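Reminder that position 134 of the sequence shown reads as 136 in my numbering, one-by-one numbering, no gaps.
Virtual Cβ for every residue (Gly too), placed ideally from N, Cα, C.
Bear in mind the structure is a predicted one, so any value in this text is a computation, not a measurement.
Okay, so here's the structure we're looking at.
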Amino acid sequence: MPPSRSTIGVLISGGVDSAVLLDRLLRQGCRVQPIYVRCGFRWEAAELRHLRRLLHALHRKALKRLMILDVPLRSAYGPHWSFGGARVPGARSTDAAVYLPGRNALLLSHAAVACAQRGIDHLALGILKSNPFGDASPQFLRQMASALTLALGRRVRILTPLRQMSKARVIQSGRGVPLALTFSCINPRGDRHCGMCNKCAERQRAFRQTGLRPS
Numbered sequence: 003m004p005p006s007r008s009t010i011g012v013l014i015s016g017g018v019d020s021a022v023l024l025d026r027l028l029r030q031g032c033r034v035q036p037i038y039v040r041c042g043f044r045w046e047a048a049e050l051r052h053l054r055r056l057l058h059a060l061h062r063k064a065l066k067r068l069m070i071l072d073v074p075l076r077s078a079y080g081p082h083w084s085f086g087g088a089r090v091p092g093a094r095s096t097d098a099a100v101y102l103p104g105r106n107a108l109l110l111s112h113a114a115v116a117c118a119q120r121g122i123d124h125l126a127l128g129i130l131k132s133n134p135f136g137d138a139s140p141q142f143l144r145q146m147a148s149a150l151t152l153a154l155g156r157r158v159r160i161l162t163p164l165r166q167m168s169k170a171r172v173i174q175s176g177r178g179v180p181l182a183l184t185f186s187c188i189n190p191r192g193d194r195h196c197g198m199c200n201k202c203a204e205r206q207r208a209f210r211q212t213g214l215r216p217s
């Protein structure tokens with residue numbers, strides 16, 4: 003972990019993992035720069051509204067104003083369910099069905115450049131133990147940090163403080179966090195969870211395992 007009172011850039015969504023990560027870093031005495039990378043995905047408008055409410059509820063002096071980076075990815079991924087049209091992976095689909103290849107590389111690259119311009123050397127993500135994909139692996143993140151350090155001419159460190167935790171354990175550790183304000187849905191109905199997609203099912207399972215209610 004960086005020294006107390008250091009500023010850490012946190013790649014954040016509206017979900018439980020990044021909410022608990024944000025709260026944990028603030029409690030450890032870090033200044034936190036939340037970063038949202040807006041790519042054009044179908045769920046982002048609802049997610050951002052929930053995220054703003056969450057940040058307002060977590061507001062502390064050490065929490066900086068939300069930074070939004072616009073990185074359109076429609077041309078990179080081509081026709082894809084994440085941009086609308088095609089059917090969204092449902093509750094019984096596998097993790098692979100919602101995987102966006104290389105997304106962490108894209109997010110980290112843009113966030114690291116933005117942070118370097120502001121003198122921020124540490125980036126944190128809410129990657130969990132259950133993430134099976136290559137761009138969430140310790141090897142990838144070490145090599146990504148090395149590549150970004152070379153590219154930016156300053157040391158970049160990538161932190162994953164939740165790596166050894168399951169989502170249920172994250173929820174249990176975040177009992178003081180307003181988790182009812184979090185949002186994890188890839189096919190929202192206005193501002194509401196659809197309750198039928200892959201991410202809604204994952205959220206519901208994790209809350210059931212803790213005996214807590216998501217809202």
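(request) Check the C-beta distance from N200 over to A93 and give it rounded, since I have them as a contact under 8 angstroms. (result) 7 angstroms
(message) Residues in the same chain with beta-carbon distance under 6 angstroms from T162, minus the five sequence neighbours each way, listed in chain order, please.
(response) L127, I129
(request) Consult DSSP for P140 and reduce its assignment to one of helix, strand or coil. (result) helix
(message) Looking only at its chain, what residues have a beta carbon closer than 8 angstroms to the beta carbon of L28, apart from the 5 residues adjacent to it on each side?
(response) V34, L60, R62, A64, L65
(request) Can you tell me the Cβ-Cβ gap for R120 and D72, rounded? I've got them flagged as a contact below 8 angstroms. (result) Not a contact, Cβ separation roughly 17 angstroms.
(request) Can you grab the Cα-Cα spacing for the pair G11 / L143, in whole Å? (result) 15 angstroms
(request) Closer than 6 angstroms by C-beta to I37: which residues in its own chain qualify, once you throw out the five before and the five after it? Chain order, please. (result) G11, L13, M69, A113
(request) Might you give, ordered along the chain, the residues of its own chain that have their beta carbon closer than 6 angstroms to the beta carbon of H195, omitting 5 neighbours on each side? (result) C187, C202
(message) Please report the distance separating the alpha-carbon of H124 from that of F85.
(response) 30 angstroms
(request) Check the DSSP bridge columns for P36 and list the partner residues they point to. (result) V12
(message) If I measure Cβ to Cβ from G42 and keep anything under 8 angstroms in the same chain, skipping five residues before and after, which residues do I get?
(response) P74, L75, R76, F85
(message) Does the contact criterion of 3 or more C-beta pairs under 8 angstroms hold for the stretch 176-190 versus the stretch 134-148?
(response) no
(request) Taking all protein chains shown into account, decide if H58 is buried (16 or more other Cβ within 10 angstroms of its Cβ) or exposed. (result) exposed
(message) Cutting at 8 angstroms between CB atoms, please list the residues of its own chain near M167, excluding the five before and the five after it.
(response) L130, K131, S175
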